[in-house]
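Residue numbering for the sequence shown follows full-length UniProt numbering, starting at 1 and increasing by one per position.
Cβ atoms here follow ideal geometry from the backbone N, Cα and C, with glycine treated the same way.
Heads up, the thing below is written out as structure tokens.
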Amino acid sequence: MAITLTDTAANRVVGFLVNRGTGIGIRLSVQTTGCSGLGYNMEFVDSANDDDTIFEDNGVKVIVDAKSLIYLDGTEVDFVKEGLNEGFEFNNPNAKAECGCGESFTV
């Protein structure tokens, strides 16, 4: 059971945290959204909750709540640049299908 980050994603998160000035890491969660049902949510975290699971990879703490962990277990977070577009990409082995725009998935 793990959530991992590529070197590129970890460097990007560290840069964001340094610019922000505070935070212990990022929270990765899922929410009901989009045409496929579930969407990824990523936000800065200043403190973890008692029921959170904390993973550390490439010097970054990734905090996941128990509800989201069943959907995210094994996910690798990457940061990609394609032309003028850039953003985080989620390589989730639990996703059975994604919508055309890649914003939501189903398990």
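Coarse secondary structure for residue i, derived from DSSP in three states
{"i": "Asn-41", "result": "strand"}
Cβ distance (whole Å) where residue i is taken to contact residue j below 8 Å
{"i": "Arg-27", "j": "Ile-70", "result": "About 16 Å separates the two Cβ atoms, so there is no contact after all."}
{"i": "Ala-9", "j": "Asp-78", "result": "5 Å"}
Bridge partners - residue i, DSSP secondary structure assignment
{"i": "Phe-90", "result": "Val-77"}
Beta-carbon proximity list for residue i, same chain, < 6 Å, skipping 5 on both sides
{"i": "Pro-93", "result": "Gly-74"}
{"i": "Ile-24", "result": "Val-45, Lys-61"}
{"i": "Gln-31", "result": "Gly-39, Asn-41"}
Alpha-carbon spacing of residue i relative to residue j, whole angstroms
{"i": "Leu-5", "j": "Glu-56", "result": "9 Å"}
{"i": "Phe-90", "j": "Ile-3", "result": "10 Å"}
{"i": "Lys-81", "j": "Phe-88", "result": "9 Å"}
{"i": "Met-1", "j": "Leu-84", "result": "34 Å"}
{"i": "Gly-37", "j": "Val-13", "result": "26 Å"}
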